[in-house]
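Letter by letter, the sequence shown follows residues 0 to 102 of numbering that gives the first Met the number 0. Just so you know, even glycine gets a beta-carbon here, dropped at the ideal spot from N, CA and C. Please read these numbers as outputs of a predicted model, since none were measured by experiment. Read the structure below first, then the notes.
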Amino acid sequence: MSDFQRCENCGEYDWKSKHKCAPEWEAILVDYHDEDVPRKAFGHTIESAVESFCERGFSDWDHPEEMEIWAREPGAVEWQKFEVTVQPVPGFTVSEISGIKAP
Ligand SMILES: [Zn+2]
0 MSDFQRCENC
10 GEYDWKSKHK
20 CAPEWEAILV
30 DYHDEDVPRK
40 AFGHTIESAV
50 ESFCERGFSD
60 WDHPEEMEIW
70 AREPGAVEWQ
80 KFEVTVQPVP
90 GFTVSEISGI
100 KAP
């Protein structure tokens, strides 16, 4: 059986026996559905924590093109504020062309 699993704490896929969670932060999406409870974010820098927070929390959502995320060390008083621009990911749809001969 594979030891490669999703960590229940930080959400990263990694080898369970070697995995160590990245440092923990608190993050919150500002002005969204009156959400006002900070959630955990993980990253070695505050910027990477904001990035993984967006990837984990919002990849399947109908999110705006730009978001404002606040993040801080757990228990800190001051928030650091970040502007996040959402990049659309290209997708490819393949269909066979019938009735045309190859060159
Ligand atoms: Zn982890």
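Query, Result
"Relative to ligand 1, is the shortest distance from any of its heavy atoms to the C-beta of C20 smaller than 6 Å?", "yes"
"Buried or exposed: which applies to F174, given that a residue is buried once 16 or more other Cβ atoms fall within 10 Å of its Cβ?", "Missing from the structure shown is residue 174; the chain here goes from 0 to 102 and no further."
"Is F91 helix, strand or coil when you go by DSSP?", "coil"
"Just to confirm my understanding: we take D35, look at its own chain, exclude 5 residues before and 5 after, and list those with CB closer than 8 Å. What are they?", "I27"
"So, is I68 buried or exposed, given that buried needs 16 or more other C-beta atoms within 10 angstroms?", "buried"
"For V49, which of helix, strand or coil comes out of DSSP?", "helix"
"For E46, collect the residues of the same chain with a Cβ closer than 8 Å to its Cβ; drop the 5 residues on either side in sequence, then sort them by chain order.", "F81"
"Taking the straight line between their C-alpha atoms, what separation do you get for S16 and E7?", "14 Å"
"Measuring CB to CB, does W14 end up less than 7 Å from A48?", "no"
"State yes or no: is the C-beta of E54 within less than 7 Å of the C-beta of V85?", "no"
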